[in-house]
Amino acid sequence: MKKKLLLCIFFFVLLSAGCSHSSAPENAADHAVSETDTITISTSSDTIAVQEEQTYNQLEDTASDTSQSSQTIAASEDSDVDYNLTTMDSDMIYATVFQITNHPEDYVGKTFQIEGIFSSSYADTLDRYFYYCIIKDALACCAQGLEFVLSDSEELSPEDYPAEGTEIIVRGTLEAYTEPGFSVSYGRLVDASYTLVSSEP
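In mature numbering (1 follows the signal peptide of the UniProt record, and there is no 0), the protein residues as written are -28 to -1, 1 to 173.
Okay, here's the thing in C-alpha coordinates:
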(Lines of atoms letter the chains of each structure in order from A and count residues from 1; the text may use other names and numbers.)
(Lines give C-alpha, C1' and ligand atoms only; values in the text may rest on other atoms or scores of the structure.)
Protein backbone atom coordinates (compact mmCIF):
# COMPACT_ATOMS: atom_id res chain seq x y z
CA MET A 1 0.00 0.00 0.00
CA LYS A 2 2.82 2.37 0.91
CA LYS A 3 4.59 1.54 -2.36
CA LYS A 4 1.48 2.44 -4.38
CA LEU A 5 1.12 5.71 -2.48
CA LEU A 6 4.78 6.59 -3.07
CA LEU A 7 4.47 5.76 -6.77
CA CYS A 8 1.39 7.98 -7.08
CA ILE A 9 3.19 10.89 -5.39
CA PHE A 10 6.24 10.36 -7.63
CA PHE A 11 4.15 10.46 -10.84
CA PHE A 12 2.26 13.53 -9.60
CA VAL A 13 5.55 15.37 -9.02
CA LEU A 14 6.78 14.40 -12.51
CA LEU A 15 3.58 15.62 -14.15
CA SER A 16 3.71 18.92 -12.26
CA ALA A 17 7.31 19.51 -13.31
CA GLY A 18 6.49 18.75 -16.95
CA CYS A 19 3.62 21.25 -16.99
CA SER A 20 5.72 24.03 -15.51
CA HIS A 21 8.42 23.55 -18.18
CA SER A 22 5.95 23.39 -21.07
CA SER A 23 4.59 26.88 -20.29
CA ALA A 24 8.02 28.51 -20.51
CA PRO A 25 8.41 28.26 -24.29
CA GLU A 26 4.96 29.80 -24.76
CA ASN A 27 5.93 32.80 -22.63
CA ALA A 28 9.23 33.09 -24.47
CA ALA A 29 7.42 32.99 -27.80
CA ASP A 30 4.97 35.66 -26.67
CA HIS A 31 7.89 37.81 -25.52
CA ALA A 32 9.65 37.31 -28.85
CA VAL A 33 6.53 38.37 -30.76
CA SER A 34 6.19 41.43 -28.56
CA GLU A 35 9.79 42.44 -29.22
CA THR A 36 9.30 41.88 -32.96
CA ASP A 37 6.20 44.07 -32.97
CA THR A 38 8.09 46.83 -31.15
CA ILE A 39 10.98 46.66 -33.60
CA THR A 40 8.62 46.75 -36.59
CA ILE A 41 6.78 49.80 -35.27
CA SER A 42 10.03 51.59 -34.47
CA THR A 43 11.44 50.84 -37.92
CA SER A 44 8.24 52.05 -39.57
CA SER A 45 8.35 55.37 -37.68
CA ASP A 46 11.99 55.89 -38.61
CA THR A 47 11.19 55.17 -42.25
CA ILE A 48 8.37 57.75 -42.27
CA ALA A 49 10.63 60.35 -40.64
CA VAL A 50 13.38 59.71 -43.20
CA GLN A 51 10.90 59.92 -46.10
CA GLU A 52 9.52 63.25 -44.83
CA GLU A 53 13.02 64.69 -44.52
CA GLN A 54 13.93 63.47 -48.01
CA THR A 55 10.77 65.05 -49.46
CA TYR A 56 11.54 68.44 -47.88
CA ASN A 57 15.18 68.26 -49.00
CA GLN A 58 14.08 67.45 -52.56
CA LEU A 59 11.80 70.49 -52.57
CA GLU A 60 14.64 72.64 -51.23
CA ASP A 61 17.00 71.30 -53.92
CA THR A 62 14.39 71.84 -56.65
CA ALA A 63 13.78 75.40 -55.48
CA SER A 64 17.52 76.08 -55.35
CA ASP A 65 18.05 74.73 -58.87
CA THR A 66 15.02 76.66 -60.06
CA SER A 67 16.30 79.94 -58.63
CA GLN A 68 19.54 79.53 -60.57
CA SER A 69 17.61 78.77 -63.76
CA SER A 70 15.27 81.70 -63.20
CA GLN A 71 18.19 84.11 -62.87
CA THR A 72 19.49 82.97 -66.26
CA ILE A 73 16.06 83.38 -67.84
CA ALA A 74 15.61 86.83 -66.29
CA ALA A 75 18.94 88.06 -67.61
CA SER A 76 18.11 87.02 -71.14
CA GLU A 77 14.50 88.26 -71.15
CA ASP A 78 14.58 91.55 -69.26
CA SER A 79 17.70 93.45 -68.22
CA ASP A 80 15.68 95.74 -65.94
CA VAL A 81 14.94 92.98 -63.42
CA ASP A 82 17.04 90.26 -61.81
CA TYR A 83 14.21 87.71 -61.72
CA ASN A 84 11.46 87.93 -64.31
CA LEU A 85 8.99 85.30 -63.12
CA THR A 86 6.47 86.19 -65.83
CA THR A 87 8.54 84.24 -68.38
CA MET A 88 8.58 80.99 -66.37
CA ASP A 89 6.16 78.08 -66.20
CA SER A 90 3.88 77.60 -63.18
CA ASP A 91 6.03 75.04 -61.37
CA MET A 92 9.19 77.11 -61.72
CA ILE A 93 7.43 80.25 -60.48
CA TYR A 94 5.99 78.41 -57.48
CA ALA A 95 9.36 76.88 -56.56
CA THR A 96 11.12 80.26 -56.86
CA VAL A 97 8.58 82.01 -54.63
CA PHE A 98 8.88 79.12 -52.15
CA GLN A 99 12.63 79.75 -52.02
CA ILE A 100 12.15 83.52 -51.59
CA THR A 101 9.66 83.15 -48.72
CA ASN A 102 11.86 80.62 -46.90
CA HIS A 103 15.21 82.37 -47.49
CA PRO A 104 14.47 86.06 -48.17
CA GLU A 105 17.92 87.15 -46.99
CA ASP A 106 19.44 85.46 -50.07
CA TYR A 107 17.53 87.81 -52.39
CA VAL A 108 17.79 91.19 -50.64
CA GLY A 109 18.23 94.01 -53.17
CA LYS A 110 17.20 91.86 -56.14
CA THR A 111 14.45 93.13 -58.42
CA PHE A 112 11.50 90.90 -59.32
CA GLN A 113 8.65 90.95 -61.77
CA ILE A 114 5.85 88.56 -60.91
CA GLU A 115 2.35 87.82 -62.17
CA GLY A 116 -0.44 86.51 -59.97
CA ILE A 117 -3.72 87.18 -58.21
CA PHE A 118 -4.15 90.22 -55.97
CA SER A 119 -5.09 89.55 -52.36
CA SER A 120 -5.10 91.60 -49.16
CA SER A 121 -5.52 90.99 -45.44
CA TYR A 122 -5.83 93.14 -42.34
CA ALA A 123 -3.81 92.37 -39.18
CA ASP A 124 -5.62 93.54 -36.06
CA THR A 125 -2.55 93.25 -33.83
CA LEU A 126 -0.46 95.43 -36.17
CA ASP A 127 -3.34 97.66 -37.30
CA ARG A 128 -2.37 97.60 -40.96
CA TYR A 129 -3.13 95.97 -44.28
CA PHE A 130 -0.92 93.52 -46.13
CA TYR A 131 -1.05 93.21 -49.92
CA TYR A 132 0.01 90.10 -51.81
CA CYS A 133 0.52 88.70 -55.27
CA ILE A 134 -0.64 85.07 -55.06
CA ILE A 135 0.92 82.39 -57.26
CA LYS A 136 -0.46 78.88 -57.69
CA ASP A 137 1.35 75.77 -58.88
CA ALA A 138 0.51 74.01 -62.15
CA LEU A 139 -2.24 71.92 -60.54
CA ALA A 140 -3.70 74.98 -58.75
CA CYS A 141 -3.78 73.00 -55.50
CA CYS A 142 -1.08 74.98 -53.65
CA ALA A 143 -0.46 78.71 -53.43
CA GLN A 144 2.37 81.00 -52.35
CA GLY A 145 1.97 84.70 -51.72
CA LEU A 146 4.61 87.39 -52.10
CA GLU A 147 3.92 90.60 -50.19
CA PHE A 148 4.46 93.93 -51.90
CA VAL A 149 4.50 97.57 -50.79
CA LEU A 150 3.79 100.24 -53.40
CA SER A 151 6.18 103.16 -53.68
CA ASP A 152 3.41 105.62 -52.74
CA SER A 153 1.67 103.30 -50.26
CA GLU A 154 1.51 105.96 -47.51
CA GLU A 155 -0.73 108.08 -49.73
CA LEU A 156 -3.04 105.21 -50.67
CA SER A 157 -6.03 103.64 -48.97
CA PRO A 158 -7.29 100.05 -49.43
CA GLU A 159 -9.87 101.36 -51.92
CA ASP A 160 -7.04 102.47 -54.22
CA TYR A 161 -5.89 98.88 -54.74
CA PRO A 162 -7.36 96.38 -57.24
CA ALA A 163 -10.37 94.25 -56.36
CA GLU A 164 -9.69 90.91 -54.67
CA GLY A 165 -8.90 88.23 -57.22
CA THR A 166 -7.74 90.61 -59.95
CA GLU A 167 -4.82 89.36 -62.03
CA ILE A 168 -1.83 91.71 -61.77
CA ILE A 169 1.86 92.03 -62.59
CA VAL A 170 4.01 93.43 -59.77
CA ARG A 171 7.54 94.77 -60.01
CA GLY A 172 9.71 95.71 -57.04
CA THR A 173 12.90 95.19 -55.02
CA LEU A 174 13.07 92.47 -52.38
CA GLU A 175 13.50 93.47 -48.77
CA ALA A 176 13.84 91.20 -45.72
CA TYR A 177 12.21 92.41 -42.51
CA THR A 178 10.87 91.27 -39.14
CA GLU A 179 7.74 92.30 -37.28
CA PRO A 180 8.01 93.60 -33.67
CA GLY A 181 7.99 90.69 -31.25
CA PHE A 182 8.83 88.10 -33.93
CA SER A 183 12.20 86.63 -34.88
CA VAL A 184 11.06 85.24 -38.24
CA SER A 185 12.39 87.05 -41.30
CA TYR A 186 9.87 87.87 -44.03
CA GLY A 187 10.41 88.90 -47.63
CA ARG A 188 8.47 91.58 -49.54
CA LEU A 189 8.79 93.70 -52.65
CA VAL A 190 9.25 97.39 -51.81
CA ASP A 191 9.09 100.49 -54.03
CA ALA A 192 6.73 98.34 -56.03
CA SER A 193 4.38 99.13 -58.88
CA TYR A 194 1.68 97.04 -60.49
CA THR A 195 -0.22 96.80 -63.75
CA LEU A 196 -3.54 95.10 -64.35
CA VAL A 197 -3.58 92.00 -66.52
CA SER A 198 -7.37 91.87 -66.36
CA SER A 199 -9.77 94.41 -64.93
CA GLU A 200 -12.18 91.71 -63.74
CA PRO A 201 -11.42 89.30 -60.85
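Glycine included, every Cβ here is placed at the ideal spot set by N, Cα and C.
Segment limits, beta strand (DSSP E) that includes residue 103: The count along the sequence shown starts at 1 and reaches residue 103 at position 131. It spans 100 to 108 - the beta strand (DSSP E) in which residue 103 sits, taken as one unbroken run.
Put residue 120 into one of helix, strand or coil per three-state DSSP. In the sequence shown, counting from the first residue as 1, residue 120 sits at position 148. Strand, per DSSP.
Where do the N-terminal and C-terminal ends of the beta strand (DSSP E) with residue 148 fall, by residue? Mapped onto the sequence shown, residue 148 falls at position 176. Residue 148 -> beta strand (DSSP E) spans 139 to 149.
First and last residue of the uninterrupted beta strand (DSSP E) at residue 95: Here residue 95 corresponds to residue number 123 of the sequence shown, with the count starting at 1. Segment 83 to 95, the beta strand (DSSP E) holding residue 95.
Along the chain, where does the beta strand (DSSP E) that runs through residue 166 open and close? For the purposes of this step, residue 166 is taken as the residue at position 194 of the sequence shown. Run containing residue 166: 158 to 168, per the beta strand (DSSP E) assignment.
Quick check: the Cα distance between residue 146 and residue 78, rounded to an integer number of angstroms? Looking up residue 146 in the sequence shown gives position 174. Looking up residue 78 in the sequence shown gives position 106. Spanning the two alpha carbons is a distance of roughly 10 Å.
Same chain, Cβ closer than 8 Å to residue 157, neighbours up to 5 away in sequence not counted: On the sequence shown, residue 157 is found 185 positions in, with the first residue counted as 1. Excluding positions up to five away in sequence, the list reads 76, 77, 148, 149 and 150.
CB of residue 90 within 8 Å of CB of residue 105, strictly: As a working mapping, residue 90 is identified with position 118 in the sequence shown. As a working mapping, residue 105 is identified with position 133 in the sequence shown. Yes, Cβ-Cβ distance for residue 90 and residue 105 is below 8 Å.
If we ignore side chains and look at the alpha-carbon of each, how far apart do residue 126 and residue 88 end up? Counting from one through the sequence shown, the residue named residue 126 turns up at place 154. Counting from one through the sequence shown, the residue named residue 88 turns up at place 116. If you take the alpha carbons of residue 126 and residue 88, they lie about 23 Å apart.
Return the CA-CA distance between residue 52 and residue 117, expressed in angstroms with no decimal places. On the sequence shown, residue 52 is found 80 positions in, with the first residue counted as 1. On the sequence shown, residue 117 is found 145 positions in, with the first residue counted as 1. Looking at the two C-alpha atoms, the distance is approximately 23 Å.
Output the distance between the C-alpha atoms of residue 100 and residue 159, rounded to the nearest integer angstrom. Counting from 1 along the sequence shown, the entry for residue 100 is found at position 128. Counting from 1 along the sequence shown, the entry for residue 159 is found at position 187. Looking at the two C-alpha atoms, the distance is approximately 17 Å.
What is the DSSP secondary structure of residue 133, counted as helix, strand or coil? Residue 133 sits at position 161 when you count from the first residue of the sequence shown. The answer is coil: DSSP assigns residue 133 none of H, G, I, E or B.
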